[in-house]
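Since the structure comes first, as C-alpha cells, the remarks are kept for the end.
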Amino acid sequence: MTLTAKWRQWLPYLGIALVVAYCLAPFYWMLVSSLRGTDDIFSTSLFPSPLSFANYRSVFSPAQGFTKALLNSLIVAGVTTALSLVLATFTAYAMARLEFRFKRLILTLIIATSMFPVVSIVVPLLKLFTDIGWINTYQSMIVPSMSFTLPLAVWNLTTFFRQMPDELEQAAMVDGCTRGQAFRKVIVPLAAPGIFTTAIITFIAAWNEFLIALSMTNKPGMQTATVAISKFSGATTYQTPFGSQMAAGIVVTIPLVVMVLLFQRRIVAGLTAGAAK
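Residue numbering for the sequence shown follows the numbering used here, starting at 233 and increasing by one per position.
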C-alpha cells in the first residue's frame with residue numbers, strides 16, 4: 233500500500249477526531265477551569281495545578297441555593313417533556329395516518345410556530361400570567377416552554393410514524409384489535425426508538441431554556457439552574473465568579489450526558505427488535 237493510499241485510509245478517522253476535539257474542547261476547558269483555584273482561574277495551562285474543588289463546594293453552599301435550582305429545572309424540563317410527548321404522540325399519529333383536508337398546511341403551521349423567537353411571546357405571556365397570578369410558579373415556565381418543544385416533537389414523531397407500514401395496524405385489526413388497541417399495543421411499542429429520541433431533544437431544549445425562566449420568576453426559590461448560574465455572586469461586588477459558574481456548568485451538563493447514554497441503550501434495543509421481527 234502506497235503512502236497516499238494510507239493517508240486516504242486514515243483521512244476519515246482524522247476528520248472525525250478533529251470534529252470530536254472541536255466539540256469537546258469547550259467542555260474540557262470548562263472542566264479544567266472549574267478545578268482551578270481562584271488565583272489560577274485565568275491560567276492558560278491545559279491541566280489544573282494545583283487541583284482544587286473549592287468551586288464545587290461554593291456551588292453547593294446553602295447561600296447559592298443551587299440544589300433547589302437543579303430540582304426546579306428537573307421538574308420543569310421533566311413535566312414539559314412528558315406533556316409534549318403525550319400530546320405529540322397522538323397528534324403525530326393522526327397527522328401520519330389520517331387523511332383530511334389541509335393536513336400539509338396544518339403540519340406546516342405547527343412547525344412554523346416553533347420558529348417564532350421566544351422573546352416575541354415572553355412579553356404578552358408575562359402580562360397574562362401576572363393577571364392570573366401565575367408568576368413564580370412552575371406552570372408559568374412549563375406552558376411557554378411547550379410552545380417550542382411540542383411542535384418539534386410533533387414534527388419528529390410524524391416523520392417516524394410515516395416510516396412505519398400501514399400493514400401493522402391492519403394485521404392487528406385482523407386479529408381482533410380496534411384501531412385504538414392497535415395503536416396502544418403495536419404502534420407505540422414499535423415507535424419507542426422515535427419516542428425516546430424525541431424525549432432527548434425536548435428534554436434538552438427545556439433544560440437549557442433561559443429567557444422564559446428568567447422572565448417568569450423573581451424569587452430565588454423558583455429559579456431554574458440556568459437562571460441561578462447567571463446570578464452567582466462573587467466575594468465582592470466587582471468580582472465575577474468564573475470558577476463557580478464553570479463548576480455549575482459541569483453540574484448542569486452531567487444529567488444531560490447521563491440521560492443521553494441511558495436513552496441510547498433503549499434506542500438501540502428498539503431498533504434491533506424491528507417491526508419485521
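C-beta: ideal position from N, C-alpha, C; glycine also.
Measuring C-alpha to C-alpha distances from Ser281 to each of Ile353, Leu306, Ser265 and Thr434 identifies Ser265 as the nearest. Note that the stretch 311-320 touches the stretch 376-389; at least 3 beta-carbon pairs, one per stretch, sit closer than 8 Å. With respect to the 8 Å criterion, Met448 and Ile367 are classified as neighbours on the basis of their beta carbons. For Glu331, the number of other beta carbons within 10 angstroms of its own is below 16, and it is reported as exposed.
Rounded to the nearest whole angstrom, the CA to CA distance from Thr323 to Leu303 is 30 Å. If you look at Ser275, you'll find it isn't in any alpha helix (DSSP H); DSSP assigns it neither H nor E. Under the DSSP assignment, Lys335 falls in the alpha helix (DSSP H) whose first and last residues are Lys335 to Thr345.
Leu443 is positioned such that its CB atom lies closer than 8 Å to that of Val350.
Distance from the CA of Val484 to the CA of Ala295, rounded to the nearest whole angstrom, comes to 18 Å. Check the Cα spacing between Gly297 and each of Pro425, Ser377 and Pro452: the tightest is with Pro452. Using a Cβ-Cβ distance cut-off of 8 Å, the stretch 427-445 and the stretch 399-414 are not in contact, since fewer than three pairs of beta carbons, one from each stretch, lie closer than that value.
Within a 10 Å sphere around the beta-carbon of Tyr254 sit fewer than 16 other beta-carbons, which makes this residue exposed. The beta strand (DSSP E) runs of length 3 or more contained entirely in the stretch 304-387 do not exist; there are none. Counted as a single uninterrupted DSSP element, the stretch harbouring Gly408 is not any alpha helix (DSSP H), since DSSP gives it neither H nor E.
Inclusion of Ala286 and Gly310 in the CB contact set at 8 Å is not warranted, their separation being larger than that value. In the three-state scheme derived from DSSP, where H, G and I count as helix and E and B as strand, Thr456 is classed as coil. Around the CB of Ser293, fewer than 16 other CB atoms lie within 10 Å, so the residue is classed as exposed.
Note that the C-beta distance between Ala423 and Phe464 is not below 8 Å.
Cys409 and Ala301 have their alpha carbons spaced roughly 46 Å apart.
The beta-carbon separation of Ile432 and Val490, rounded to 11 Å, does not stay under the 8 Å limit for a contact. Annotation for Asn287: the continuous alpha helix (DSSP H) segment containing it runs Ala286 to Val291. Close CB contacts of Ala480 within its chain, under the 8 Å cut and outside five residues either way in sequence, are with Val291, Phe298, Ala457, Ala460, Ile461 and Phe464 (chain order).
Residue environment for Val406: exposed (fewer than 16 other C-beta atoms within 10 angstroms of its C-beta). Spanning the alpha carbons of Asp271 and Pro356 requires a straight line of approximately 45 Å.
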